[in-house]
Amino acid sequence: MNKNELVTNISEKSGLTKKDVETVVNGVIEEITSALKDGDKVQFVGFGTFETRERSSRTGRNPQTGKEIQIPAATVPAFKAGNKLKEAVK
44 MNKNELVTNI SEKSGLTKKD VETVVNGVIE EITSALKDGD KVQFVGFGTF ETRERSSRTG
104 RNPQTGKEIQ IPAATVPAFK AGNKLKEAVK
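If you read the sequence shown in the numbering used here, its first letter stands for residue 44, the second for the next number, and so on.
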């Protein structure tokens, strides 16, 4: 499912217009992104937690040449599913 399909499904189930639903979905995505940029966690009880994790630097290998390269440390987004979501997917 992509974002347009999500907006359409929510619109049909809620009776709201697609434009209103899209505004809300975009707002949620922007707020989650902003919180992660600030180093905060976003937790939806039962659904899951969005957070950032530190990835340490490491040595990799260029697949074309086989030459070793240094991959720098990075902060990456992560999602951990909550219990209700895990149960629903089983």
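Virtual Cβ for every residue (Gly too), placed ideally from N, Cα, C. Small disclaimer: the values here were computed from a predicted structure and weren't measured.
In angstroms, rounded to a whole number, what distance separates the CA positions of residue i and residue j?
i      : j      : result
Gln86  : Thr92  : 4 Å
Arg98  : Ala117 : 5 Å
Glu74  : Lys84  : 11 Å
Thr60  : Arg104 : 50 Å
Ala124 : Phe90  : 6 Å
In the DSSP output, which residue or residues are listed as bridge partners for residue i?
i      : result
Val119 : Arg96
Ala131 : Answer is none; Ala131 lacks a bridge partner.
Classify residue i as buried or exposed, calling it buried when 16 or more other Cβ atoms lie within 10 Å of its own Cβ.
i      : result
Val71  : exposed
Val88  : exposed
Val119 : exposed
Residue ranges of each beta strand (DSSP E) within the stretch 44 to 117, 3 or longer: Counting whole runs of 3 or more residues, the stretch 44 to 117 contains the beta strand (DSSP E) stretches 85 to 87, 91 to 98, 101 to 104, 111 to 114.
Touch test, the stretch 88 to 105 against the stretch 63 to 71, Cβ-Cβ under 8 Å, three pairs minimum: In short, these stretches do not touch, since the Cβ pair count stays below three.
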